[in-house]
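Chemist:
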Amino acid sequence: MAAAALTGLTLAAAREKLRAREIGAVELTHAHLEAMAAARDLNAFVLETPERALEMAAAAGRRLKAGEALPLDGLPIAVKDLFATDGVRTTACSRILDDFTPTYESTVTAKLWAAGAVMLGKVNMDEFAMGSANITSAFGPVKNPWRAKSGPSAGKDLVPGGSSGGSAAAVAARLALAATGTDTGGSIRQPAAFCGVAGIKPTYGRCSRWGIVAFASSLDQAGPIARTVEDCALMLGAMAGHDPKDSTSIDVAVPDYTAALKRGVKGLRVGIPKEYRVDGMPPAIDALWRQGAGWLAAEGAEIVEVSLPLSKYALPVYYIVAPAEASSNLARYDGIRYGLRVPGEDLVDTYEKTRAAGFGAEVRRRIMIGTYVLSAGYYDAYYLRAQKVRARIAADFRAAYEKCDVLLAPATPSAAFALGEKQDDPIAMYLNDVFTVPASLAGLPAMALPAGLSPEGLPLGLQLVGRAFDEETVFAAAAALERAAGFTAVP
Amino acid sequence: MNDMALGEIYTGHVSTRADDDNPAGNLLDGDTGKWEIVVGLEVHAQVASEAKLFSGASAAFGGAPNSHVSLVDAAMPGMLPVINAECVRQAVRTGLGLEAQINLRSVFDRKNYFYPDLPAGYQISQFKQPIVGAGKVVVDMPDGRAVTVAIERLHLEQDAGKSLHDQQPGKSYIDLNRAGVALMEIVSRPDLRSGDEAAAYLAKLRTILRYIGSCDGDMSQGSMRADVNVSVHKPGTTLGTRCEIKNVNSVRFVRQAVEYEARRQIGILEGGGTIVQETRLFDTDRGETRLMRSKEEAHDYRYFPDPDLLPLVLSQGDVDELARGLPELPDARKARFTSEYGLSPYDATVLTGERARADFFEAVLGRTDGKPARDPKTASNWVASELIGRLNKDGREIDESQVTAAQLGGLLDLIADGTITGRIAKDVFDEMFATGTDAAAIVEANGLRQIADTGELEAVVEKIIADNPGQAEQYRVGKTSVAGWFTGQAMKATRGKANPQIVNEILARKLGGG
Amino acid sequence: MSIDHATVRRIARLARIHVPEDEVDRLGAELSQILGFVEQLGEVDVAGVEPMTSVVDAVLTLREDRVSDGGDAQKVLANAPERAEDFFVVPRVVE
């Protein structure tokens, strides 16, 4: 097969062809390595690992040949630079980690390698996963492979979304069949939507956080970004599972997600949260949302309006809880045991210079906010109150799930915007996550998938949010939406 | 570690002890009159466990630098804590031993501050919801008073690593072997009124922990150390401002630190000054406390629940089972030793001061038909005076004794059945202590059996009388005090093996008109 | 809530991040803007609501007390910016 045809395969299709020995694992990896080399302008990868990739592909090839194929054998994927990879530089795209090379492998990536997947390299992201445009990376911004055909952004480089911008861009640009991402407030779903690909944040506790550089511990979850719902199901099946090394990982069985894809939505109650109909939402997104509900209704789902009254408070809660946890999680980057050290006059000066030089502006800002809201005299007013509102937001979801089985909402309030926009206004940037943050706060599984194009020709995504540990219903509804939407546009 | 901020939520410097419950001997004389000292302790006790509180690295003391360190302890990116079940059990058992409330739901918090020996930039501790709540310790003072000290709380937390300062000018070396080792912080109310009471409290707490087996109590290795809060005030007035003396690591130093610090504060107050709440160090070389440079100018630890850990939930059934597994604790055992065995309070205190001593004593005693198999008072004398006394001279504890409980029991049996005399027994014990040989073997090898054969002893006594007509005459004229001299001569002649009773009978018969 | 110059300094010190003098006021304004945004939480009735301490409905699982880790100083020191023998080295800690 021609290289372009190989990189154009879905993960599921490539899997079938590898097993049928129609294509070879090394050949498939080669095609992706070539595509990566040709697309360096996107800045999606921060570290390519071609030798390791070819080695892993060769091993997969031998297993495939022997008829001992592992679940993801020979499938080349990209890894967000937040996952620790043994012997491969891991930076969280921050200067503070410098050339940090872990002596350990994250549980999620270890599971992927054990399933036979091939590592192409480490992909770009917002520094410490803090951002919604992939512009805070120490390695520079990632470009979205899509271009607007008209409108004010026409001809400009667009952001891929964030923080898993490199993951989404690499998958959209056919540089990898799939990628790992992490989602704290929308970091899988928002870039997936911006880049016209699919991505799922599973239930908090579904994937191990061990070996993933922490941003906000009570929110961080790993998940896949891929081009189809089925590809996401295959990936998540390999990534998920209880890990005794993570106290917040839950010991429940991982179902066969691909089996859920064929379930259909007949009789499924799909909730439309009325509070998500926010002022200023672009008409195209509103229309797509209605269209999505229509598609699901046509497949036999029952559409019900539900209320999530405290939705508007999700972002303020998030911008207290996440920075608070981050301010503590990032205290370990002190220049003593690993990473950057900028010598100072004394110990304190060394700390302060190291952390000032090592962290970018957005990370510094969030550490400062987090430090402030936890500090004496402010804890109750900010952090404690936020955790109370968060408890109420989670209760709102539980109440909604008495009336419906899954929620349908837009993934983002806009299509991808131009690089440089919203850069100087933190609040405007934070608003990108308005539809994704609530599910994060409640720890619920949520998936974004491409469902249409904006008038400017940019992808728009819809989002499905399920009950805790009910990814299967999310996959079932997403598969139905995907079939109905018939999204085939490419960058 | 520093816990000044913790004081904000502790019930704090509020004593449970009655105002008039303080003997005059505890008051200090100043230039302006009597002063009362008020002391509370925060004791950090290392939990006896194989692995650390939140990682699988060894909790053993020592080790090559950074060899007892996991990636979790070194706070590598993405590492996560998983709690050690044994540390939880030990905290609960200790709480039960302190007659404390066990909180079935507790929460771990992060205490945030920067220090090179604190790899994550935060210590995992328990702030608002500790695993153990209010309890008490009864401290027996040498003058016979029993002081009840209220325990405010006990919580689990991580130890920090070590900084070494003398290796290279301008540098410190960091060893993380201690980082993450489990500690129990046991916080008392300020119910102590003197250096002696504070010292006795720490010693008693150590005894309890060692009985329970939740801490080895080895203060020289830092297994227990105390932060000592001291204030002074005039009796009948409100409590004074307190200073905290960090990391005092022996019972003796606690006494010295309290006494020095109280004097220092009285000096300031009587000189017209005021006490500033501060953290101080105890300089063991000079016997002084001095101001410690604080780790942060602003103590703002930004406590919040650790999002990497879920709430710790215990069932009442778990707690009840741990309670059933607790050994008899020192107070109960001491009471039993006096009531059941008729020991003096002093001997009972000595024997129950260490669980190993009491166990040893009861092993020597043995049991048949539910009663002591040997005489408790004799056993107590041999264990408390002979064995412990001698071990103390060597600086050893009873579990390091060369003589086993079975061996000492064997010696007691030889005395009881008349095989050897009490005097010979001491010699036999000397050899047992030196070589660890059984008493019976020593007796046989050296022919030390008591001579109870009347004929043989009569010959000995007759010879002594014949050789010493002067003394014999004195005896006959009624100066019976020379009887002891004759007995001694008989013992000497038989190298201590003569049965003294039989010797006395023969003497009375031969000299007393018999 | 407005974050003044002294507060920025205090927070920066707590967070151990050097902030050049000419950036303090701009940073204060940014932080004030964010705090202004989150202050709307004051509108929410949270009376009697227990704060969320964990998003998953589960309790802590316990690890067996067994030495299963450590014993490899090189693994721990592999990325150290400065080391001597098997110690991390830092500018002198003043006690």
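Protein chains in written order, with our numbering: chain A, 1 to 491; chain B, 1001 to 1514; chain C, 2001 to 2095.
Glycine residues also receive a C-beta, built at the ideal position from the N, C-alpha and C atoms.
Model, not experiment: these values are computed from the prediction.
Against chain C, does Cys1087 of chain B count as a neighbour if the rule is that its beta carbon must be under 9 Å from one of theirs?
Modeler: By 1-based counting over the second sequence, the position of residue 1087 of chain B is 87. With 9 Å as the cut-off, Cys1087 of chain B counts as an interface residue toward chain C.
Chemist: Show which residues of chain B have a CB atom less than 8 Å away from the CB atom of Asp81 of chain A.
Modeler: Your numbering for residue 81 of chain A matches position 81 in the first sequence. The contacting residues do not exist; Asp81 of chain A stays about 11 Å from chain B at best.
Chemist: Going straight from the alpha carbon of Leu1205 of chain B to that of Ile1442 of chain B, what length do you get?
Modeler: For the purposes of this step, residue 1205 of chain B is taken as residue 205 along the second sequence, with counting starting at 1. For the purposes of this step, residue 1442 of chain B is taken as residue 442 along the second sequence, with counting starting at 1. Near 41 Å, if we compare the C-alpha coordinates of Ile1442 of chain B and Leu1205 of chain B.
Chemist: For a contact defined as C-beta to C-beta under 8 Å, what are the partners of Pro426 of chain A on chain C?
Modeler: Numbered from its first residue, the first sequence carries residue 426 of chain A at position 426. Under the 8 Å cutoff, chain C gives Glu2030, Gln2033 and Ile2034.
Chemist: Does Val1082 of chain B have its Cβ less than 9 Å from a Cβ in chain A?
Modeler: Taking the first residue of the second sequence as 1, we reach residue 1082 of chain B at position 82. Chain A contact via Cβ: present.
Chemist: Pop quiz: Phe1429 of chain B and Leu1411 of chain B are said to be a contact at Cβ under 8 Å. What is the actual Cβ separation, rounded to whole angstroms?
Modeler: In the second sequence, counting from the first residue as 1, residue 1429 of chain B sits at position 429. In the second sequence, counting from the first residue as 1, residue 1411 of chain B sits at position 411. With a Cβ gap of about 6 Å, Phe1429 of chain B and Leu1411 of chain B count as contacting.
Chemist: Whole angstroms are fine: how far does the CA of Val363 of chain A sit from the CA of Val23 of chain A?
Modeler: Here residue 23 of chain A refers to the residue found at position 23 of the first sequence. Here residue 363 of chain A refers to the residue found at position 363 of the first sequence. For the sequence presented, residue 23 of chain A should be read as Ile rather than Val. Computed Cα separation, rounded: 44 Å.
Chemist: Return the Cβ separation of Leu944 of chain B and Leu1322 of chain B in integer angstroms, given the expectation that the two are a contact with Cβ distance under 8 Å.
Modeler: Not covered by the structure: residue 944 of chain B. The range shown for chain B is 1001 to 1514.
Chemist: So the alpha helix (DSSP H) Ile1442 of chain B belongs to, where does it begin and stop?
Modeler: Your numbering for residue 1442 of chain B matches position 442 in the second sequence. It spans Ala1439 to Asn1446 - the alpha helix (DSSP H) in which Ile1442 of chain B sits, taken as one unbroken run.
Chemist: Which of the residues in the segment 238-264 of chain A, read from start to end, lie with their CB under 8 Å from any CB of chain C?
Modeler: Residues passing the 8 Å Cβ filter: Pro244, Ser247, Thr248, Ile250 and Asp251.
Chemist: Strictly under 9 Å for the Cβ-Cβ distance: is Val474 of chain A near chain C by that measure?
Modeler: By one-based count along the first sequence, residue 474 of chain A stands at place 474. No, its Cβ sits nowhere closer than 9 Å to a Cβ of chain C.
Chemist: Applying the criterion that 16 or more other CB atoms from any shown protein chain within 10 Å of the CB defines a buried residue, is Lys1034 of chain B buried or exposed?
Modeler: Counting from 1 along the second sequence, the entry for residue 1034 of chain B is found at position 34. Per the 10 Å Cβ criterion, exposed.
Chemist: What do you reckon, are the CB atoms on Ala193 of chain A and Gly161 of chain A nearer than 9 Å?
Modeler: Locating residue 193 of chain A in the first sequence gives position 193, counting from the first residue. Locating residue 161 of chain A in the first sequence gives position 161, counting from the first residue. For Ala193 of chain A and Gly161 of chain A, yes; Cβs fall inside 9 Å.
Chemist: Going by C-alpha to C-alpha distance, which of A:Ile303, A:Ser150 and A:Ser132 sits closest to Gly267 of chain A?
Modeler: The residue labelled residue 267 of chain A in the question sits at position 267 within the first sequence. Comparing Cα positions, the closest option is A:Ile303.
Chemist: In whole angstroms, what is the alpha-carbon distance linking Ala1179 of chain B and Ala485 of chain A?
Modeler: Taking the first residue of the second sequence as 1, we reach residue 1179 of chain B at position 179. Taking the first residue of the first sequence as 1, we reach residue 485 of chain A at position 485. Roughly 55 Å separates the two Cα atoms.
Chemist: With distance defined between alpha-carbon atoms, name the residue in A:Gly199, A:Asp220 and A:Leu296 nearest to Ala129 of chain A.
Modeler: Translated into positions along the first sequence, residue 129 of chain A becomes position 129. The shortest C-alpha separation from Ala129 of chain A is found at A:Asp220.
Chemist: Quick test of the definition: if touching needs 3 or more C-beta pairs under 8 Å, does the segment 305-316 of chain A touch the segment 420-439 of chain A?
Modeler: Yes, the segment 305-316 of chain A touches the segment 420-439 of chain A.
Chemist: Quick check for students: name the residue ranges of the alpha helix (DSSP H) that lie wholly in the segment 369-440 of chain A, counting only runs of 4 or more.
Modeler: With a minimum length of 4 residues, the continuous alpha helix (DSSP H) runs that stay inside the segment 369-440 of chain A are 385-400 and 426-430.
Chemist: What's the call for Ala1416 of chain B, buried or exposed, on a 16-neighbour Cβ count within 10 Å?
Modeler: Numbered from its first residue, the second sequence carries residue 1416 of chain B at position 416. Exposed, since its Cβ has fewer than 16 Cβ neighbours within 10 Å.
Chemist: Between B:Glu1185, B:Val1460, B:Gly1062 and B:Ile1465, which lies nearest to Leu1209 of chain B when the distance is taken from Cα to Cα?
Modeler: Residue numbering aside, residue 1209 of chain B sits at position 209 when the second sequence is read from its first letter. With distances taken between Cα atoms, Leu1209 of chain B lies closest to B:Glu1185.
Chemist: Given a cut-off of 9 Å, decide if Ala78 of chain A and Leu234 of chain A are closer than it, judged by their beta-carbon atoms.
Modeler: Here residue 234 of chain A corresponds to residue number 234 of the first sequence, with the count starting at 1. Here residue 78 of chain A corresponds to residue number 78 of the first sequence, with the count starting at 1. It is not a contact, given that the beta carbons lie outside the stated cut-off.
Chemist: So which of A:Lys143, A:Leu458 and A:Asp98 has the shortest CA-CA distance to Gly360 of chain A?
Modeler: The sequence position of residue 360 of chain A within the first sequence is 360, counting from 1. Looking at the Cα atoms, A:Asp98 is the closest of the given residues.
Chemist: Straight-line CA distance for Ala2006 of chain C to Gly2042 of chain C?
Modeler: Mapped onto the third sequence, residue 2006 of chain C falls at position 6. Mapped onto the third sequence, residue 2042 of chain C falls at position 42. Going by the C-alpha atoms only, they are around 25 Å apart.
Chemist: Taking the alpha-carbon of Pro145 of chain A as reference, which of A:Asp157, A:Ala84 and A:Arg341 has the nearest alpha-carbon?
Modeler: Against the first sequence, residue 145 of chain A aligns to sequence position 145. Ranking A:Asp157, A:Ala84 and A:Arg341 by Cα distance to Pro145 of chain A puts A:Asp157 first.
Chemist: Got a sec? Which residues, its chain only, sit under 8 Å from Thr101 of chain A by beta carbon, not counting five neighbours each side?
Modeler: On the first sequence, position 101 is the one that residue 101 of chain A refers to. Counting only Cβ-Cβ distances below 8 Å, and skipping sequence neighbours, we find Gly87, Val88, Arg89 and Thr90.
Chemist: Given that a residue counts as buried once 16 or more other Cβ atoms are within 10 Å of its Cβ, and exposed if not, what is Gln1158 of chain B?
Modeler: On the second sequence, residue 1158 of chain B is found 158 positions in, with the first residue counted as 1. Burial call: buried.
Chemist: Measuring alpha carbon to alpha carbon, tell me which residue in B:Asp1285, B:Phe1337, B:Tyr1346 and B:Ile1212 is nearest Arg1355 of chain B.
Modeler: Your numbering for residue 1355 of chain B matches position 355 in the second sequence. Among B:Asp1285, B:Phe1337, B:Tyr1346 and B:Ile1212, the Cα nearest to that of Arg1355 of chain B is on B:Ile1212.
Chemist: List, in order along the chain, the chain A residues whose C-beta lies closer than 7 Å to that of Ala2015 of chain C?
Modeler: Taking the first residue of the third sequence as 1, we reach residue 2015 of chain C at position 15. Ser327, Ile367, Met368 and Thr371, listed in chain order.
Chemist: If we call anything under 9 Å between Cβ atoms a contact, is Ala260 of chain A one with Ala57 of chain A?
Modeler: The residue given as residue 260 of chain A occupies position 260 in the first sequence. The residue given as residue 57 of chain A occupies position 57 in the first sequence. Not in contact: Ala260 of chain A and Ala57 of chain A (Cβ atoms no closer than 9 Å).
Chemist: Verify whether the separation of the beta carbon atoms of Ala2015 of chain C and Ser327 of chain A is less than 9 Å.
Modeler: Position 15 of the third sequence holds residue 2015 of chain C. Position 327 of the first sequence holds residue 327 of chain A. For Ala2015 of chain C and Ser327 of chain A, yes; Cβs fall inside 9 Å.
Chemist: Quick check: Asn1229 of chain B and Glu1036 of chain B, are their CB atoms within less than 9 Å of each other?
Modeler: Within the second sequence, residue 1229 of chain B is the residue found at index 229, counting from 1. Within the second sequence, residue 1036 of chain B is the residue found at index 36, counting from 1. Not a contact, by the Cβ cut-off of 9 Å.
Chemist: Excluding five sequence neighbours on each side, which residues of the same chain lie with their C-beta closer than 7 Å to the C-beta of Thr1435 of chain B?
Modeler: As a working note, residue 1435 of chain B is residue 435 in the second sequence. Cβ neighbours of Thr1435 of chain B beyond the five flanking positions: none.
Chemist: Got a sec, what are the start and stop residues for the beta strand (DSSP E) Ile1174 of chain B sits in?
Modeler: Walking along the second sequence from the start, residue 1174 of chain B turns up at place 174. Ile1174 of chain B -> beta strand (DSSP E) spans Lys1171 to Asp1175.
Chemist: Helix, strand or coil: which one does DSSP assign to Ile1464 of chain B?
Modeler: Here residue 1464 of chain B refers to the residue found at position 464 of the second sequence. Helix, per DSSP.
Chemist: Quick one: does Leu1156 of chain B have its CB under 9 Å from some CB of chain C?
Modeler: Within the second sequence, residue 1156 of chain B is the residue found at index 156, counting from 1. Judged by the 9 Å Cβ criterion, Leu1156 of chain B is not in contact with chain C.
Chemist: Compare the C-beta of Met1001 of chain B against all C-beta atoms of chain A and say whether one is closer than 9 Å.
Modeler: Position 1 of the second sequence, counted from the first residue, corresponds to residue 1001 of chain B. Residue confidence for Met1001 of chain B is low, a pLDDT of 33 falling below 50, so the modelled location carries little weight and cannot support an answer.
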